[in-house]
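This is how it looks when you write it as structure tokens:
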């Protein structure tokens, strides 16, 4: 596996789009983190002011709530990593490097696991950036909240899972379509479709099954706890059960299984 990753690194290290997309993703996380406190405090205080209740201090970037807030928002910039994965996989077919790897002795499983390993690394890197960002926000917001550092830190694991599901879907799109532009447009179109479905399910229990589509499933697990700050607001998810994560694991298995089936039966 180390040798496979070394070969993949040789392909990527001088690929400008790789660094651009990675920088945009990390920059997006940092932008969200730097502006989150200002915009959310302004929004929440506006809601509280309309309720006529005295405005309290809002610990939205303190431990432990910072883990939940930033991981939830950072999911929305995973699109840059998705575009990166699509571009990486479609380039394998455009420049015939996938075929050359097979000629050089790679098994098709080797090719697949090299891509899965890249997804794990990218998801892990993104999670580390989010973890560092949350730690910085928590410490600078209120050093006294450090005693709650490990409360809700498990949201980092959920974030890793969210990004992994998304990137596995992007891997499947790249394998099926093989054209980066068309695959990226398809990704955007499907993302908009799921957002539309999510809006349809709001306060409609009979449409709850629509929330089990790939991108919506993890998002339903992590939601910001605004009910703690806004009087008379709705209840939001505060804890995570393992059962709520099962659909995400199933989707990862399905996507990887479909990719392997396609690689095994199609000419590279």
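Residue numbers (the numbering used here): 1004 to 1271. Heads up, the beta-carbon is just placed ideally off N, CA and C, and yes, glycines get one too.
query                                                                                                     : result
Coil, strand or helix - residue 1012 by DSSP                                                              : helix
Spatial distance of residue 1258 from residue 1147 (CA atoms)                                             : 44 Å
Nearest-angstrom Cα separation, counted from residue 1067 out to residue 1073                             : 11 Å
Cβ-based neighbour list, residue 1070, same chain, cut-off 6 Å, excluding 5 preceding and 5 following     : 1137, 1155, 1156 and 1158
Close Cβ partners of residue 1059 (< 6 Å) along its chain, the five nearest in sequence each way excluded : Because the pLDDT at residue 1059 is just 49, under 50, the model does not fix this residue reliably, and the value given afterwards should be weighed accordingly. Result list for residue 1059: empty, nothing under 6 Å.
Alpha-carbon to alpha-carbon, residue 1152 and residue 1119                                               : 31 Å
Residue from 1133, 1176 and 1177 with nearest C-alpha to residue 1161                                     : 1133
Check: residue 1129 C-beta below 7 Å from any heavy atom of the ligand ADP                                : Inclusion of the ligand ADP in the displayed structure is not the case, the ligand content being empty and no account of it being possible.
Nearest residue (CA-CA) to residue 1097, options 1182, 1174 and 1022                                      : 1182
Buried or exposed (CB count within 10 angstroms, at least 16 for buried), residue 1262                    : buried
DSSP three-state assignment for residue 1135, whether helix, strand or coil                               : helix
Where residue 1107 falls: helix, strand or coil (DSSP)                                                    : coil
Exposed unless 16 or more other CB atoms sit within 10 angstroms - verdict on residue 1083                : buried
Nearest-angstrom Cβ-Cβ length linking residue 1197 and residue 1144, presumed shorter than 8 Å            : So it is not a contact: roughly 33 Å between Cβ atoms.
Alpha-carbon to alpha-carbon, residue 1042 and residue 1111                                               : 48 Å
Reference residue 950; option with closest CA among 1080, 1253 and 1091                                   : In the structure displayed, the chain extends from 1004 to 1271; residue 950 sits before or after that span and is not available.
Closest residue to residue 1256 among 1167, 1192, 1024 and 1100 (Cα-Cα distance)                          : 1167
Endpoints, alpha helix (DSSP H) assigned at residue 1265                                                  : 1249-1268
Reference residue 1080, options 1035, 1140 and 1260, closest by Cα                                        : 1035
Among 1201, 1141 and 1028, nearest to residue 1040 - alpha-carbon criterion                               : 1141
Residue 1245 burial status per 10 Å Cβ neighbour count (16 or more: buried)                               : exposed
Three-state secondary structure (DSSP) of residue 1064                                                    : coil
Nearest-angstrom Cα separation, counted from residue 1165 out to residue 1075                             : 10 Å
Among 1185, 1170, 1116 and 1104, the one whose alpha carbon lies nearest that of residue 1218             : 1170
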